[in-house]
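Written out below as structure tokens is the structure these notes cover.
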Amino acid sequence: MTERLFSLAALTVLELSPPEMVEVAARAGYDRVGLRLIPATPEEHHFPLVTDASLRRRTRAKLRDTGVSVLDVEILRLKPDTDVRRHFTRVLEAGAELGASEVLIAGNDDDEARLTDHFAALCDLAAGFGLHPHLEFMPWTGVRDLSQARRIVAAADRPNAGLLIDAFHFDRSGSRLDELADVPRHWMRYIQLCDVAGPRPDDMQAIIHEARQARCFPGEGDIDLTGLLAVLPDDVPLSLEIPTQALCDRGVSALERARLALEASRRLLG
1 MTERLFSLAA LTVLELSPPE MVEVAARAGY DRVGLRLIPA TPEEHHFPLV
51 TDASLRRRTR AKLRDTGVSV LDVEILRLKP DTDVRRHFTR VLEAGAELGA
101 SEVLIAGNDD DEARLTDHFA ALCDLAAGFG LHPHLEFMPW TGVRDLSQAR
151 RIVAAADRPN AGLLIDAFHF DRSGSRLDEL ADVPRHWMRY IQLCDVAGPR
201 PDDMQAIIHE ARQARCFPGE GDIDLTGLLA VLPDDVPLSL EIPTQALCDR
251 GVSALERARL ALEASRRLLG
């Protein structure tokens, strides 16, 4: 079996600045890192990589010194009023400057036809930077599950389009392994891995809370990760996106959380 590459996702250690995150990834044993260029929520503390040239220089220097590379940048939200070129050109430029190859996309638009058009336009724009937009389904967004994400990526029909499988969203959206087996492999250039405890909540706000603050390390929750990984490509990087607020509240450092996530993932694969 091909040896896996592991990437440290921003949400796992969101308190860190980008250079600090690269340093932690290197010390914990990761190959790659994911950087958040746009905050996911208005309340989120944010490090302005897109507008701060000095921060980008320090981040590039840390990447060079550690040998860690950037896997993906996030999170670009496609909304009803999105102007792809105006809103995202500078973001894609920054992602390419940092060496990323993938871009995480959220679909925050309930009009599927318009969302598809915006995703196709974003793929066209990203192609000029050598980037691959990956549409991620999340049950509280306009792209609620694997079936809908697959339909949008197929309709966009762009050679650099991708579909991001996050183990959390796959489980909490009720998506199925038999459907995943039919997804074209070239759409999945990386995968997000985590676990979560207990059955799927009935309340969507509870699911959002789990997603942003209460995931588990792989193998420590109730997702059928063995079944999921058996269906997914075994030669693409695994991005470990595992926010654990309870550990943060107990004073567990970002470095230790990153190490625990990687150790658990390797145990699961082993």
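For what it's worth, the UniProt record's numbering labels the leading residue of the sequence shown as 1, then goes sequentially.
Just so you know, even glycine gets a beta-carbon here, dropped at the ideal spot from N, CA and C.
Determine, using beta carbons only, whether residue i and residue j come nearer to each other than 8 Å.
i	j	result
residue 164	residue 135	yes
residue 17	residue 47	yes
residue 236	residue 191	yes
residue 24	residue 255	yes
residue 242	residue 215	yes
residue 78	residue 122	yes
Using a Cβ cut-off of 8 Å (strictly closer), state whether residue i contacts chain D.
i	result
residue 58	Going by chain labels, chain D is absent from the structure shown, which holds only one protein chain.
CA-CA distance, residue i and residue j?
i	j	result
residue 174	residue 184	20 Å
residue 86	residue 195	36 Å
residue 318	residue 67	Any answer about residue 318 is impossible in this case: the structure gives the chain only from 1 up to 270.
residue 111	residue 65	45 Å
residue 161	residue 150	11 Å
residue 1	residue 268	Confidence at residue 1 is low in this model, with a pLDDT of 47, below 50, so its placement is unreliable and the value that follows should be read with caution. Using only the alpha carbons, I get a separation of about 14 Å.
residue 20	residue 114	38 Å
residue 76	residue 106	6 Å
residue 53	residue 74	18 Å
residue 177	residue 166	13 Å
residue 15	residue 35	12 Å
residue 240	residue 141	21 Å
residue 49	residue 55	6 Å
Which term fits residue i, buried or exposed, when burial requires 16 or more other beta carbons within 10 angstroms of its beta carbon?
i	result
residue 28	buried
residue 250	exposed
residue 143	buried
residue 206	exposed
residue 253	exposed
residue 12	buried
residue 138	buried
residue 51	exposed
Tell me whether the segment 225-232 and the segment 199-216 touch, counting them as touching only if at least three CB pairs, one residue from each stretch, are closer than 8 Å. no
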